Structures are given as structure tokens and as C-alpha cells.
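Undergrad: Just passing along the structure, written as C-alpha cells.
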Amino acid sequence: MAKIIGIDLGTTNSVVAVMEGSSPKVLINSSGSRLTPSVVGFTDKAERLIGQIARHQQVTNPENTVFSIKRFMGRRHNEVSSEEKTVPYKITGGAEELVKVGVRGKEYTPPEISAMILQDLKKTAEDYLGEKVTNAVITVPGLLQRLAAPGNQGRRQNSRAQGRANYQ
4 MAKIIGIDLG
14 TTNSVVAVME
24 GSSPKVLINS
34 SGSRLTPSVV
44 GFTDKAERLI
54 GQIARHQQVT
64 NPENTVFSIK
74 RFMGRRHNEV
84 SSEEKTVPYK
94 ITGGAEELVK
104 VGVRGKEYTP
114 PEISAMILQD
124 LKKTAEDYLG
134 EKVTNAVITV
144 PGLLQRLAAP
154 GNQGRRQNSR
164 AQGRANYQ
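Numbering (my numbering), first residue to last: 4 to 171.
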């Protein structure tokens, strides 16, 4: 039977775990850490960096390094004016449109950026298990409260898109 992984998709860091017997085991990523920074970087050579390596480029390439993306999940541009001032990367979209991030001439939605992090965590689990992972439980508590509010059907759909994206 295929293993189910557990992922804590955090604003700052993320973690992936598997059950070994009756105990969860938090996996070590390719950087040798159990914590994976929730950071996605884009290099001038069109490479995509995830985690610690992306965090390293934050100093030299801040406008192309996306972090704290969960703060923008399911939110419209007119809702994020204070958060927008705290990040060096470009926030795009009309006032009533859902936020997007502009990086190296492309636009990405917060679910797309989150999916990149999820894909990296999935790869960590697959490397450890030696098999393809097709099922995951993902915790996103800060986001769920906002998504569960009445009238947020579009935001829930945005979140579901994130979950689909990590296993395509």
C-alpha cells in the first residue's frame, strides 16, 4: 500500500513527515535539515530554487525570491497594501483581483508558488521512501480560517488548485 505523507506548509518553514510504525518521522531534506524554508527563488538563468538555497539568494536577488506567500493566499490586491510593503518582490493584480507575484516577467499565483514548495517536499518524501507518493495530508491552519469564512468560495477554489498542483 502506498504511503501517505504529512506536510506542514508553513509561512516561514515547511516540514514533510511519514509514519513509521505508530510514530511520525520528519524527513531530512537535500540541505540536511528537517525544516525547509517556504521560499522560492528564480535565478537569472531561469532556474527555480526551493528552500534553503532560495533563502541564500534573498540577499543578492531579493526581487526574484518569494517568501511568506501564504500571507497573500486567496486575497485581493486591495486587501494586502500593508503586507505588500514588507516584501521586495512585485505584487500584481487589479484592486479587486486575487494577488499574483511578478517575477522575471512572469506572474504566479500564491497557490502556484505554494505548489512549487509542495513539489519539493514531495520529492524529499519520494527520495526517502523510494517510491512515488500520490497521497498527502497538508496542514495550513492560518489559511483555513480565512477560507472557511462565508462568501469565500473563490478562495476555497484557489486553495484546492494548490492541492492539485503538487501532484500533476
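Beta carbons are placed, not taken as given, at the ideal position from N, Cα and C, and that holds for glycine.
All of these numbers come straight from a predicted model, not from anything done at the bench.
Go ahead and label residue 128 buried or exposed: buried means 16 or more other beta carbons lie within 10 angstroms of its beta carbon, across all protein chains shown.
TA: Under this definition residue 128 is a buried residue.
Undergrad: Count Cβ pairs between the region 136-143 and the region 102-115 that sit closer than 8 Å; are there 3 or more?
TA: In short, these stretches do not touch, since the Cβ pair count stays below three.
Undergrad: Mind pulling the beta strand (DSSP E) runs of 3 or more residues that sit fully within the region 13-73?
TA: The region 13-73 contains these whole beta strand (DSSP E) runs: 16-23, 26-29, 42-45, 51-53, 68-70.
Undergrad: What would DSSP say about residue 127, mapped onto helix, strand or coil?
TA: Note: residue 127 maps to helix in three-state DSSP.
Undergrad: What separation, rounded to the nearest whole angstrom, lies between the Cα atoms of residue 136 and residue 114?
TA: Each residue's Cα considered, the two are about 20 Å apart.
Undergrad: Would you tell me roughly how many angstroms separate the C-alpha atoms of residue 85 and residue 16, rounded to the nearest one?
TA: Cα-Cα distance, rounded: 22 Å.
Undergrad: What's the gap between the Cα of residue 108 and the Cα of residue 73?
TA: Their Cα atoms are separated by approximately 21 Å.
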